[in-house]
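*Asks:* Sending over a structure as structure tokens; questions will come in a sec.
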Amino acid sequence: MPKVAIFTEGSAQIGMGHLTRCLSFAQAVSSFGAEVVFVVAGDDFAKSVVESFQFPVTIVESLNSLSEFPQGEMALVDSYLADLHFYKKVEERYRRKIYIDDYFRLDYPEGVILNYVPSLGIPKKYKNHCLLWGEKYHLLRKHFWDVAPKEIKGEVREVLVTFGGDDIRNLTPKVAKILLKHFKGITLNIVVGGGFKNKEELLKLAQIHPDRVKLHFSVSAKEIT
Numbered sequence: 421m422p423k424v425a426i427f428t429e430g431s432a433q434i435g436m437g438h439l440t441r442c443l444s445f446a447q448a449v450s451s452f453g454a455e456v457v458f459v460v461a462g463d464d465f466a467k468s469v470v471e472s473f474q475f476p477v478t479i480v481e482s483l484n485s486l487s488e489f490p491q492g493e494m495a496l497v498d499s500y501l502a503d504l505h506f507y508k509k510v511e512e513r514y515r516r517k518i519y520i521d522d523y524f525r526l527d528y529p530e531g532v533i534l535n536y537v538p539s540l541g542i543p544k545k546y547k548n549h550c551l552l553w554g555e556k557y558h559l560l561r562k563h564f565w566d567v568a569p570k571e572i573k574g575e576v577r578e579v580l581v582t583f584g585g586d587d588i589r590n591l592t593p594k595v596a597k598i599l600l601k602h603f604k605g606i607t608l609n610i611v612v613g614g615g616f617k618n619k620e621e622l623l624k625l626a627q628i629h630p631d632r633v634k635l636h637f638s639v640s641a642k643e644i645t
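Below, the structure is given as structure tokens:
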């Protein structure tokens with residue numbers, strides 16, 4: 421059984437985006453029989469999220485100070501904070517390496533670079549890497565793998581507003597207010613994640629617009645589909 425080590429970061433303070441897409445990758449490779457282990461620079465909230473998916477996890481203060489690495493044939497790294505020295509240590513220890521990149525952050529060592537931002541040109545500095553480039557490589561959780569096609573109506577009456585499990589930049593109420601102001605005939609379905617710190621502000625918004633704002637708390641991926 422192949423072993424895969426996933427290195428990433430996430431917490432209630434910095435957000436869970438990296439961790440969420442790594443969990444999507446973990447679900448995919450485990451469906452083919454891989455054994456997955458997580459190493460996360462994070463907090464107890466991140467630990468509970470990974471464990472809810474039934475994957476073992478080690479919480480560390482920083483990836484850059486990591487001295488012990490899990491055994492495995494493959495490593496996936498998704499980080500905005502890990503330095504090049506950490507990536508080189510990963511490159512030395514694993515036969516196959518995948519680095520998730522959003523904005524050409526580093527001159528990565530040998531390995532596969534995954535960047536699913538659409539319409540990005542490929543930098544020359546990555547010409548010797550194996551590249552998985554473009555939106556077709558977007559990592560989706562298991563519940564979204566086989567979603568049936570949905571009819572798009574000519575007139576938009578309901579809008580889904582979701583920023584994932586947390587909203588560290590408090591974007592949800594800002595976006596909601598813009599939509600309410602400029603699109604008078606719509607109803608907003610706002611997903612309020614477990615890590616949200618702005619619940620009171622959203623509850624107040626729903627009280628002001630009871631017919632136009634519906635709040636959905638801690639909605640599962642299955643419910644969204």
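FYI, in the numbering used here the residues of the sequence shown are 421 to 645. From the three backbone atoms N, C-alpha and C, an ideal C-beta is built for every residue, glycine too. In this text the structure is predicted, and so the values were computed from the model without any measurement.
Which residues mark the beginning and the end of the beta strand (DSSP E) in which residue 637 is found?
*Replies:* For the purposes of this step, residue 637 is taken as residue 217 along the sequence shown, with counting starting at 1. Element bounds for residue 637: 633-637.
*Asks:* Please confirm whether any heavy atom of the ligand GTP lies closer than 7 angstroms to the CB of residue 594.
*Replies:* Summarising the ligand content, the structure contains no ligands, and the ligand GTP is consequently not present.
*Asks:* Thinking residue 496 and residue 426 are a contact (beta carbons under 8 angstroms), I'd like their distance in whole angstroms, please.
*Replies:* Your numbering for residue 496 matches position 76 in the sequence shown. Your numbering for residue 426 matches position 6 in the sequence shown. Correct: roughly 5 angstroms between the Cβ atoms.
*Asks:* For residue 590 versus residue 609, is the C-beta spacing smaller than 8 angstroms?
*Replies:* As a first step, residue 590 is located in the sequence shown; it is residue number 170 there, counting from the start. As a first step, residue 609 is located in the sequence shown; it is residue number 189 there, counting from the start. Contact flag unset, no.
*Asks:* Determine the burial state of residue 557: buried for a count of at least 16 other Cβ atoms within 10 Å of its Cβ, exposed for fewer.
*Replies:* Here residue 557 refers to the residue found at position 137 of the sequence shown. Counting Cβ neighbours within 10 Å, residue 557 comes out exposed, since fewer than 16 surround it.
*Asks:* Is residue 469 closer than 8 angstroms to residue 429 when the C-beta atoms are compared?
*Replies:* Walking along the sequence shown from the start, residue 429 turns up at place 9. Walking along the sequence shown from the start, residue 469 turns up at place 49. For residue 429 and residue 469, no; Cβs fall outside 8 angstroms.
*Asks:* Extract the residue ranges of the beta strand (DSSP E) inside the stretch 536-616, only unbroken runs of 3 or more that lie entirely within it.
*Replies:* Within the stretch 536-616, the complete beta strand (DSSP E) runs of at least 3 residues are 550-553, 578-581 and 607-612.
*Asks:* Please state the DSSP three-state secondary structure of residue 522.
*Replies:* For the purposes of this step, residue 522 is taken as residue 102 along the sequence shown, with counting starting at 1. In this structure, residue 522 counts as coil in the three-state DSSP scheme.
*Asks:* Nearest-angstrom Cα distance between residue 482 and residue 504?
*Replies:* Residue 482 sits at position 62 when you count from the first residue of the sequence shown. Residue 504 sits at position 84 when you count from the first residue of the sequence shown. Each residue's alpha carbon lies about 14 angstroms from the other.
*Asks:* I'd like the span of the beta strand (DSSP E) that includes residue 455, first residue to last.
*Replies:* What you label residue 455 is simply residue 35 of the sequence shown in a count that begins at 1. Its beta strand (DSSP E) spans residues 455-462.
*Asks:* Within this structure, are the beta carbons of residue 437 and residue 614 separated by less than 8 angstroms?
*Replies:* For the purposes of this step, residue 437 is identified with residue 17 of the sequence shown, where counting begins at 1. For the purposes of this step, residue 614 is identified with residue 194 of the sequence shown, where counting begins at 1. No, Cβ-Cβ distance for residue 437 and residue 614 is not below 8 angstroms.
*Asks:* Round the Cβ separation of residue 550 and residue 498 to the nearest angstrom and send it over; I've been treating them as touching at under 8 angstroms.
*Replies:* The residue you call residue 550 lines up with position 130 of the sequence shown. The residue you call residue 498 lines up with position 78 of the sequence shown. Not really, about 17 angstroms apart at Cβ, beyond 8 angstroms.
*Asks:* Would residue 422 and residue 493 qualify as a contact pair, given that the criterion is a beta-carbon distance under 8 angstroms?
*Replies:* Residue numbering aside, residue 422 sits at position 2 when the sequence shown is read from its first letter. Residue numbering aside, residue 493 sits at position 73 when the sequence shown is read from its first letter. For residue 422 and residue 493, yes; Cβs fall inside 8 angstroms.
*Asks:* Less than 7 angstroms between C-beta atoms, sequence neighbours within five positions excluded: which residues of the same chain meet that for residue 560?
*Replies:* On the sequence shown, position 140 is the one that residue 560 refers to. By the criterion of a C-beta distance shorter than 7 angstroms, residue 560 is surrounded in its chain by 444, once the five residues flanking it on both sides are discounted.
*Asks:* Among 516, 600, 595 and 565, whose alpha-carbon lies nearest the alpha-carbon of residue 577?
*Replies:* Your numbering for residue 577 matches position 157 in the sequence shown. Nearest C-alpha to residue 577: 600.
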